Amino acid sequence: MKRTGAQIIWEVLVREGVDVVFGYPGGAIMPAYDTILGYPIRHVLVRHEQGAAHMADGYARASGKVGVAIATSGPGATNLVTGIATAMLDSSPIVCITGQVSSKLLGTDSFQETDITGVTLPITKHNYLVTDVAEIAPTLREAFYIARSGRPGPVLVDITKDAQQASIDFEPPKGEVRLPGYRPSYHAGQTEIEKAIELIDEAERPLILAGQGIVRAEATRELLAFVEKAGIPVASTLLGLGGFPATHPLSLGMMGMHGEAWVNHAIQEADLLIALGMRFDDRVTGNLKTYALKAKKIHVEIDRSEINKNVKVDVGLVGDVRDALLSLIPGVKQRNRSGWLERINELKGDSAVRDIQHLPYHDKLYAAHVLHDLWRLTEGKALVVTDVGQHQMWEAQYYKHDYPRKLITSGGLGTMGFALPAAVGARFAKPEEEIWVVVGDGGFQMTACELSTCAQEGIKVHVAIINNGYLGMVRQWQEFFYNRRYSATPMRSPDFVKLAEAHGLTGIRVTKREEIADAVARARATPGTVVVDFRVEQEDSVYPMVPAGADLQDMIRRPSPIVETGEDP
486 MKRTGAQIIW EVLVREGVDV VFGYPGGAIM PAYDTILGYP IRHVLVRHEQ GAAHMADGYA
546 RASGKVGVAI ATSGPGATNL VTGIATAMLD SSPIVCITGQ VSSKLLGTDS FQETDITGVT
606 LPITKHNYLV TDVAEIAPTL REAFYIARSG RPGPVLVDIT KDAQQASIDF EPPKGEVRLP
666 GYRPSYHAGQ TEIEKAIELI DEAERPLILA GQGIVRAEAT RELLAFVEKA GIPVASTLLG
726 LGGFPATHPL SLGMMGMHGE AWVNHAIQEA DLLIALGMRF DDRVTGNLKT YALKAKKIHV
786 EIDRSEINKN VKVDVGLVGD VRDALLSLIP GVKQRNRSGW LERINELKGD SAVRDIQHLP
846 YHDKLYAAHV LHDLWRLTEG KALVVTDVGQ HQMWEAQYYK HDYPRKLITS GGLGTMGFAL
906 PAAVGARFAK PEEEIWVVVG DGGFQMTACE LSTCAQEGIK VHVAIINNGY LGMVRQWQEF
966 FYNRRYSATP MRSPDFVKLA EAHGLTGIRV TKREEIADAV ARARATPGTV VVDFRVEQED
1026 SVYPMVPAGA DLQDMIRRPS PIVETGEDP
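All residue numbers for the sequence shown refer to this note's numbering, where the first residue is 486 and numbers rise by one.
And the structure:
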């Protein structure tokens, strides 16, 4: 079959199972856009290329498949960078295809020429520059293989315009992709497995730290079986939420900077930590010099470089976390660790008293109430996509996730503006899901232009803006550590209801807790995307909080009403 390079791009994508791509056309990618019309792939026109990368990312996280973003050369390609970095830090499998100026113009500073492979080298799992039409198919196949295998991640393929325009006799590639020196699959050795089992059986105060690897490996069932046999409580990272059911009796909640106080204390008292598919990020550990000094440590991780990188461990199991759990389950003893669970319940102490859900609100609307009520009204079954900031932490604390791939959020990079476009991608991955986008008034405005994408594509997501008139998390740090000097954090925003209407969508405003249920019901009943502007308390803070670099147990807690007044609330 005679095919142009542009046609070969789509031939390969169809064979890779791609049914939707997110992109924005331009000169250097025009040949590809001219030929897409002949292929069964839906193109979603974004309003900014950053949105394309986030949409591909959201699609990948919701589906478990590879997401695809398309852009032209120069500014089109560089606009993808933040989304690529987000996918890299959170191990999301995406392939970004960019057009490049013709090969004879490379290095001449021609119009819209940028060395995008050089720019993205530190933030991709791998990248390619393709100048020969014969290399397009094998390169794209390698890109998909690398993106999805091992520890997933983003791959960029930059294809010159003349390579897209040239023609060859095309024979669809067959067989498996094999790359010399690339070993994406590892299996923990039997000696390490036996040592891990010995440590687990000897432990009296063990704790599982469940990370995103549980979700990526689809190991929820195996983790549940392991936990119930060994009787070990589970704490989760932010990206690990949903990997273990939040309502299970052995689920403790989130750990780390804004994790539950009793979880952080339990980590510091544990005699064994079993880290599953997590990387001991600084927001999880606090001060490494004082982190879990009483505990031996088992680390299960598919990326060999993560073991002993931040925290020295006693046993490192390199491999897929699901495979590791299947190896551990038959060997560990059936245990009832009631004494340890009773101690953890003691550590909860007055946390319930401090919880804002149990405090009077006197006609005020708190963000925590919005997220708790949203969880209750959706029965915890919605797919929630969050942006970054206070609202992200409140969602993690008050929306209890019992199912994997039901929380999509930017963890490692902390990308404001991530949520709305990522939710668009998730919508194409999960067309039947109820999707809620939880954003702050600051981050939302970074990619609010994608409301027009929602309108043009005729898709439905619910956008919940936690609107406090500040860059909330930065304001909180200024309150705690900078004597309330609110520099550049008060934020004036547009009328979000009118903004939604300007895009041809529906907008709703909520100022009282009593209005939440009606707003949710109206959003659900309204066709198309709906924007709900929740006007919440302006100077509320996320509690608890471990100050940056502090010991994990040294948390700033919400003031206790008993301490302040001597009376129950």
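Note that CB positions come from ideal geometry on N, CA and C, so glycine has one too.
Remember, it's a predicted structure, so these values are computed and weren't measured experimentally.
Just the C-alpha distance for ARG807 and ARG890, rounded to the nearest angstrom, thanks. 16 Å
Leaving out five residues before and five after PRO669 in sequence, what residues of the same chain have Cβ atoms less than 7 Å from its Cβ? SER634, GLY635
Beta-carbon proximity of ALA852 to ASP1025, cut-off 8 Å: yes
When burial is assigned at 16 or more other CB atoms within 10 Å of the CB, is GLU661 buried or exposed? exposed
Please look up how many angstroms separate the CB atoms of THR1014 and VAL959, rounded, as I've assumed it's under 8 Å. Wrong, their Cβ atoms sit about 28 Å apart, outside the cutoff.
Which word fits GLN842, buried or exposed, when buried means at least 16 other C-beta atoms lie within 10 angstroms of its C-beta? exposed
Residue of ARG789, ILE631, PRO578 minimising C-alpha distance to TYR671: ARG789
Output the distance between the C-alpha atoms of GLU534 and VAL642, rounded to the nearest integer angstrom. 15 Å
Cα-Cα separation, LEU810 to ASN793: 20 Å
Taking the alpha carbon of THR938 as the point to measure from, which residue in ALA760, PRO637, VAL529, SER558 has its own alpha carbon closest? VAL529
Under 8 Å, do ARG1020 and ARG994 count as touching if we go by C-beta distance? yes
Spell out a yes or no on whether the segment 967-984 and the segment 1026-1035 are touching, meaning 3 or more CB-CB pairs, one atom from each, closer than 8 Å. no
Got a sec? Which residues, its chain only, sit under 8 Å from GLU1049 by beta carbon, not counting five neighbours each side? Its pLDDT being 47, under 50, GLU1049 is placed unreliably by the model, and the measurement read from it follows with that caveat. Answer for GLU1049: no residue qualifies.
Backbone CA spacing between VAL506 and PRO639 [nearest angstrom]: 15 Å
With DSSP run on the structure shown, which of helix, strand or coil describes GLU786? strand
What three-state label does DSSP hand ARG807 in the structure shown? helix
Tell me where the beta strand (DSSP E) around CYS581 begins and ends. 579-585
Measuring straight from C-alpha to C-alpha, what distance separates LEU590 and PRO560? 17 Å
How big is the Cα-Cα spacing for SER736 and LEU862? 22 Å
Among residues of its own chain, excluding the 5 on either side of GLU942, which ones have a beta-carbon nearer than 7 Å to its beta-carbon? VAL529
Answer with yes or no whether the minimum CB distance from TYR1028 to chain B is below 8 Å. The chain inventory of the structure shown lacks chain B, comprising one protein chain alone.
Select from GLN1023, VAL553, GLU689, GLU713 the residue whose C-alpha is nearest the C-alpha of LEU813. GLU713
In three-state DSSP terms, what is PRO669? coil
Nearest-angstrom Cα separation, counted from GLU754 out to ASP1039: 14 Å
Give me, in chain order, the residues of the same chain whose beta-carbon lies closer than 7 Å to that of GLU935; leave out the 5 immediate sequence neighbours on both sides. VAL531, ARG532, GLY536, LEU905, PRO906, VAL909
From the DSSP secondary-structure annotation, give me the bridge partner or partners of GLY660. Paired residues: none, contrary to the question.
Per DSSP, cross-strand counterpart(s) of SER721: ALA695, MET739
Per DSSP, which residues does ASP600 bridge with? Please list them. For ASP600, which the question treats as bridged, DSSP gives no partner whatsoever.
Close beta carbons around VAL924, own chain, < 6 Å, minus the five adjacent residues each side: ASP872, ALA904, ILE950
Ignore the nearest five residues each way along the sequence and tell me which others in GLY1051's own chain have a CB closer than 6 Å to its CB. Its pLDDT being 46, under 50, GLY1051 is placed unreliably by the model, and the measurement read from it follows with that caveat. For GLY1051, where only same-chain residues beyond five positions count, there are no Cβ hits under 6 Å.
Taking LEU569 and ILE608 to be in contact with their CB atoms under 8 Å, please state how far apart those CB atoms are, rounded to whole angstroms. For the sequence presented, residue 569 should be read as Ile rather than Leu. Rounded, the Cβ-Cβ distance is 5 Å, consistent with contact.
Report all residues from its chain with a CB closer than 6 Å to the CB of VAL615; omit the five preceding and five following residues, and keep chain order. ILE621, THR624, ILE644, ALA648
Bridge partners for GLY801 per DSSP, in chain order? HIS784
Among GLY727, LYS680, GLU1022, TYR509, nearest to ASP848 - alpha-carbon criterion: GLU1022
Nearest to ARG626 (by Cα), restricted to the options PRO657, ALA651, ASP617: PRO657
With DSSP collapsed to three states, give me the class of VAL503. coil
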